[in-house]
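In the numbering used here, the protein residues as written are 7 to 192.
To start, the structure itself, in structure tokens.
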């Protein structure tokens with residue numbers, strides 16, 4: 007089974023995927039290659055591996071890096087512009103999709119279930135639906151889509167199979183809702 011997870015920034019996409027990974031799913035992210043690229047750039051600027059990891063993969067994505075002359079720049083800024091303005095607009099609109107597709111197909115061929123937790127664009131949704139995957143949208147009060155940048159505007163509704171509400175007081179309740187959705191999709 008292939009599951010794509012979409013939702014606004016901070017809605018709990020990775021939180022839901024963590025639950026599926028704990029159940030044996032392989033995680034693939036469209037942004038994996040660009041995260042490695044940003045990590046290498048920050049490391050080359052003298053930032054320690056631990057700090058780079060916190061800014062690129064952890065909870066500090068929206069915290070300014072404090073780089074001289076670019077004090078307000080965040081890791082998310084670098085990832086968004088590298089992914090969209092460079093990768094999608096200059097190289098190929100399907101650049102990240104093609105890379106992820108290779109990984110997804112390998113895991114599926116090996117009999118593994120796969121979760122993609124950074125679904126943001128229509129072509130990514132087409133890939134998931136095109137190879138028989140299902141898309142879940144995560145909703146969370148106070149977290150809305152942001153149309154000011156294409157990467158935060160959301161996936162067209164026609165691709166979304168079901169929704170989970172991340173409003174639960176306890177993680178176990180949210181995990182149960184996600185699990186129930188997947189059971190209903192099989």
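C-beta atoms are modelled at their ideal positions from N, C-alpha and C, and glycine is treated no differently.
Backbone CA spacing between residue i and residue j [nearest angstrom]
i           : j           : result
residue 85  : residue 140 : 26 Å
residue 163 : residue 131 : 10 Å
residue 105 : residue 179 : 34 Å
residue 109 : residue 122 : 11 Å
residue 62  : residue 45  : 7 Å
Residue i, enclosing alpha helix (DSSP H) - first and last residue
i           : result
residue 47  : 38-50
residue 226 : This structure cannot speak to residue 226, because the chain is shown only from 7 to 192.
residue 105 : 101-115
Limits of the unbroken beta strand (DSSP E) element including residue i
i           : result
residue 142 : 140-145
residue 26  : It is not in any beta strand (DSSP E) - residue 26 instead sits in the alpha helix (DSSP H) that spans 19-28.
residue 122 : 120-122
Nearest candidate by alpha-carbon position, reference residue i, set the options
i           : options         : result
residue 9   : 167, 129 and 94 : 167
residue 149 : 169, 71 and 15  : 15
residue 66  : 26, 11 and 57   : 57
residue 17  : 89, 165 and 125 : 125
residue 136 : 119, 95 and 107 : 107
For the 8 Å Cβ check, are there 3 or more pairs between the segment 29-43 and the segment 95-113?
yes
Uninterrupted beta strand (DSSP E) stretches inside the segment 61-105 (no shorter than 3 residues)
none
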